[in-house]
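First residue of the sequence shown: 2, per this note's numbering; consecutive thereafter.
The structure appears right after this line, and notes come after that.
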Amino acid sequence: MSTPNLPTDPETIASVVTYIGRRTLSTGKIGYAYVEDGHPARYYSKPLVTGAEIGARITTHSPVDAPDRYYSAGLHAPRITGHDTKIDTATLTQWQVADRAAYQAKADVDASKRAAKDAAHMEQHIEALTAAARNLTGTQRAAFARYVEDRIRGW
């Protein structure tokens, strides 16, 4: 398929795919899904083109001797060449909902990782306070606990 304003080279194979959005893969990672007419969806770990909207048509170029690979930069880098106008509203909505769900799943995982990291960091501070209070008497410990509580509250 020849596309205007795109380089043609007898050493490459051009193909046009439609971006259908992010998807959570069986590995738990996020993949970027693309469909080509008559083929099942293909997933990549990174987007072919940054900032592509769902339904964008992207032209990729592959070497003749390696059609399962594509050029990611340079003259034959993937380019947005339009928007698929044959997509019905229901399908487009379905792709958008799946994209949003994958984004939310990734955001939840990232938030959990940050919370676990913060909890480990806080545990170090709690250990330091525990060590500081270890040799205090009961009355001193109560006063120290009150002092720490007031400092945490910002008083």
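For every residue, glycine included, the Cβ atom is placed at its ideal position computed from N, Cα and C.
| Asked | Found |
| --- | --- |
| Whether residue 56 touches residue 77 by CB criterion (9 Å) | no |
| Boundaries of the beta strand (DSSP E) in which residue 24 is found, first to last residue | 13-25 |
| Buried versus exposed, by CB contacts within 10 Å (16 or more), residue 122 | exposed |
| The stretch 32-43 in contact with the stretch 113-133 per 3-pair CB rule at 8 Å | no |
| Residue 132 beta carbon near the ligand FMN (any heavy atom closer than 8 Å) | Ligands in the displayed structure: none, and consequently the ligand FMN is not present. |
| Buried or exposed by the 16-neighbour rule on C-beta atoms within 10 Å, applied to residue 18 | buried |
| For residue 104, the three-state DSSP class (helix, strand or coil) | helix |
| Contact check, residue 22 vs residue 111, beta carbons under 9 Å | no |
| Cβ distance (whole Å) where residue 1 is taken to contact residue 60 below 8 Å | Nothing can be reported for residue 1: it is not among the residues displayed for the chain, which extend from 2 to 156. |
| Three-state secondary structure (DSSP) of residue 62 | strand |
| Nonlocal neighbours in the same chain, by C-beta distance under 6 Å from residue 142, ignoring five residues either side | 134 |
| Integer-rounded CB distance, given that residue 14 should sit under 8 Å from residue 79 | The pair is not a contact, with the Cβ atoms about 13 Å apart (cut-off 8 Å). |
| Cβ neighbour criterion (16 or more within 10 Å) applied to residue 62 | buried |
| Beta-bridge partners of residue 57, as assigned by DSSP | 84 |
| Whole-Å CB distance - residue 53 paired with residue 20, under 8 Å assumed | 5 Å |
| As assigned by DSSP and simplified to three states, the class of residue 148 | helix |
| Run of the beta strand (DSSP E) containing residue 33, from where it starts to where it stops | 31-36 |
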